[in-house]
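If you use numbering that gives the first Met the number 0, the sequence shown corresponds to residues 0 to 261, in order.
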Amino acid sequence: MTATCPAGHSSTADDYCDVCGMPIEAVPPAPVAAAAPTTSAAPLGQACPNCSTQNTPEALFCEACGYDFTTGTMPRSATPVAAPVAEAADGSLGSSTASAAVAAPGSSAGSQTQQPGVEAPAATERVGWVAEVWIDPDWYRAQESPDPMPSPGLPVVVPLRGSSVLVGRKSRSRNIDPGIDCEPDSGASRRHAQLTTDGTRWWVEDLESSNGTFVAPASGPLPKDPIAVGVKRELGSDDRIYVGAWTRLVVRPATDEESVPA
0 MTATCPAGHS STADDYCDVC GMPIEAVPPA PVAAAAPTTS AAPLGQACPN
50 CSTQNTPEAL FCEACGYDFT TGTMPRSATP VAAPVAEAAD GSLGSSTASA
100 AVAAPGSSAG SQTQQPGVEA PAATERVGWV AEVWIDPDWY RAQESPDPMP
150 SPGLPVVVPL RGSSVLVGRK SRSRNIDPGI DCEPDSGASR RHAQLTTDGT
200 RWWVEDLESS NGTFVAPASG PLPKDPIAVG VKRELGSDDR IYVGAWTRLV
250 VRPATDEESV PA
């Protein structure tokens with residue numbers, strides 16, 4: 000092994016140069032870079048199955064797209080923005096461009112407003128099923144609720160245009176907007192039950208409501224025992240759903256007048 004002195008001579012000795020006698024300084028070792036401190040990975044939350052955004056473990060909705068982690072309801076589609084309409088050389092609208100222009104909000108050609116809490120249907124889809132929302136005095140008496148019951152009347156008919164409909168009460172702070180709103184029945188939970196269908200049959204599932212979900216045929220007595228939580232119960236053609244202090248739901252096929260798209 001040879002060393003090089005400050006004058007550039009090669010020397011077999013590593014202390015003094017064999018040629019000129021100049022001392023040979025030892026070359027200091029190269030500094031070793033310090034290893035970067037390791038940080039523990041932050042705990043992962045829940046990933047949105049719709050947009051893959053990481054959310055906190057306790058999140059009810061995806062912060063990015065609004066996906067409902069509790070019911071699995073997909074977010075509502077955003078309203079498309081109309082493309083600018085090009086003019087022809089004579090100042091008139093081109094035929095192909097004019098036909099593709101989107102109608103202004105409020106016009107008859109505008110897109111329909113989606114029913115809150117219900118999956119968005121096709122624009123020309125006919126309504127096949129509806130839910131009647133009744134105020135039932137018999138159910139109210141059986142519940143012995145301290146809340147005053149509204150006056151009974153004709154039912155509110157809610158079109159069921161999607162395959163999954165949330166039953167409950169609205170909450171702005173929790174971003175809950177059910178397809179079937181049971182207000183002002185405070186005995187119904189915000190997320191009380193879920194209705195699902197395969198197109199020909201309907202099921203109801205209790206979503207851990209405070210007062211339970213009850214099902215019984217119209218030909219029998221009022222139900223006394225709630226259905227099991229988290230288990231889908233298939234509805235018969237004569238079944239009624241009871242929730243809260245006075246609310247009764249009836250799912251039935253839509254009439255010819257009710258099935259016409261709005």
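A virtual CB, placed ideally from N, CA and C, is assigned to each residue, including glycine.
These figures come from a predicted structure and were not determined experimentally.
Alpha-carbon spacing of serine 144 relative to leucine 153, whole angstroms: The sequence position of residue 144 within the sequence shown is 145, counting from 1. The sequence position of residue 153 within the sequence shown is 154, counting from 1. Answer to the nearest angstrom: the Cα atoms are 22 Å apart.
For the alpha helix (DSSP H) containing arginine 140, name the first residue and the last one. Along the sequence shown, one-based indexing puts residue 140 at 141. Run containing arginine 140: 136-142, per the alpha helix (DSSP H) assignment.
Determine the DSSP secondary structure at alanine 46, reduced to helix, strand or coil. The residue labelled residue 46 in the question sits at position 47 within the sequence shown. Residue state, collapsed to three classes: strand.
Have a look at the DSSP bridge pairing and note the partners of valine 132. Walking along the sequence shown from the start, residue 132 turns up at place 133. The bridge partners DSSP lists for valine 132 are Val155, Leu248.
Should the stretch 246-256 be called in touch with the stretch 219-230, which here means at least 3 C-beta pairs below 8 Å? no
Where glutamine 193 and serine 163 are concerned, what is the direct C-alpha to C-alpha distance, given to the nearest angstrom? As a first step, residue 193 must be located in the sequence shown, where it is residue number 194. As a first step, residue 163 must be located in the sequence shown, where it is residue number 164. Going by the C-alpha atoms only, they are around 7 Å apart.
Local Cβ density within 10 Å of arginine 190, reported as buried at 16 or more and exposed below that: Position 191 of the sequence shown, counted from the start, is the residue given in the question as residue 190. Buried, by the Cβ-count rule.
Alpha-carbon to alpha-carbon, alanine 215 and alanine 227: For this step, residue 227 is matched to residue 228 along the sequence shown. For this step, residue 215 is matched to residue 216 along the sequence shown. Alanine 227 and alanine 215 have their C-alpha atoms spaced approximately 14 Å apart.
What number of angstroms, rounded off, separates the C-alpha of valine 129 from the C-alpha of tryptophan 201? Position 130 of the sequence shown, counted from the start, is the residue given in the question as residue 129. Position 202 of the sequence shown, counted from the start, is the residue given in the question as residue 201. In a straight line, the C-alpha of valine 129 is about 11 Å away from that of tryptophan 201.
Tell me whether aspartate 178 is buried or exposed, calling it buried when 16 or more other Cβ atoms sit within 10 Å of its Cβ. In the sequence shown, residue 178 corresponds to position 179, counting from 1. The question names aspartate, yet the displayed sequence has glycine at residue 178. That one is buried.
Every unbroken beta strand (DSSP E) within the stretch 198-255, with a cutoff of 3 residues, ordered by chain: 201-205, 213-216, 238-242, 246-252
Residue burial classification, arginine 140 (beta-carbon count within 10 angstroms, cutoff 16): Your numbering for residue 140 matches position 141 in the sequence shown. Note on arginine 140: under 16 other CB atoms within 10 angstroms of its CB, so exposed under the neighbour-count rule.
Using a 10 Å radius around the Cβ and a threshold of 16 neighbouring Cβ atoms, would you call cysteine 61 buried or exposed? Within the sequence shown, the letter at position 62 stands for residue 61. By the 10 Å Cβ count, cysteine 61 comes out buried.
What does the alpha-carbon distance come out to for the pair glutamine 111 and lysine 231? Locating residue 111 in the sequence shown gives position 112, where the first residue counts as 1. Locating residue 231 in the sequence shown gives position 232, where the first residue counts as 1. Residue placement at glutamine 111 is flagged as unreliable, the pLDDT there being 41, under the threshold of 50; the coordinate-derived value follows with that caveat. Going by the C-alpha atoms only, they are around 31 Å apart.
Is the beta carbon of leucine 59 closer than 7 Å to that of threonine 70? Against the sequence shown, residue 70 aligns to sequence position 71. Against the sequence shown, residue 59 aligns to sequence position 60. The answer is no: Cβ separation not under 7 Å.
Is the distance from the Cβ of alanine 253 to the Cβ of valine 155 below 7 Å? By one-based count along the sequence shown, residue 253 stands at place 254. By one-based count along the sequence shown, residue 155 stands at place 156. No; because the gap between Cβ atoms is not below 7 Å, this pair is not in contact.
Using a Cβ-Cβ cut-off of 6 Å (strictly less than) and excluding sequence neighbours within five positions of arginine 168, which residues of its own chain qualify? Numbered from 1 along the sequence shown, position 169 holds the residue referred to as residue 168. Only Cys181, Glu182, Ala187, Arg189 meet the Cβ criterion.
State the DSSP-derived secondary structure class of valine 166, mapped to helix, strand or coil. Position 167 of the sequence shown, counted from the start, is the residue given in the question as residue 166. In the three-state DSSP reduction, valine 166 falls in the strand class (E or B).
Secondary structure at alanine 40, three-state DSSP: helix, strand or coil? Translated into the one-based positions of the sequence shown, residue 40 becomes position 41. Since pLDDT at alanine 40 reaches only 49, below the 50 mark, its modelled position is unreliable, and no value is offered.
Using the C-alpha atoms, what's the distance from valine 166 back to threonine 195? Locating residue 195 in the sequence shown gives position 196, counting from the first residue. Locating residue 166 in the sequence shown gives position 167, counting from the first residue. Their Cα atoms are separated by approximately 11 Å.
Short Cβ contact (7 Å threshold) for proline 151 with isoleucine 175: Position 152 of the sequence shown holds residue 151. Position 176 of the sequence shown holds residue 175. Not closer than 7 Å, so no.
Comparing alpha-carbon positions, which option in Arg173, Gly161, Asn49 lies nearest aspartate 197? On the sequence shown, position 198 is the one that residue 197 refers to. Among Arg173, Gly161, Asn49, the Cα nearest to that of aspartate 197 belongs to Gly161.
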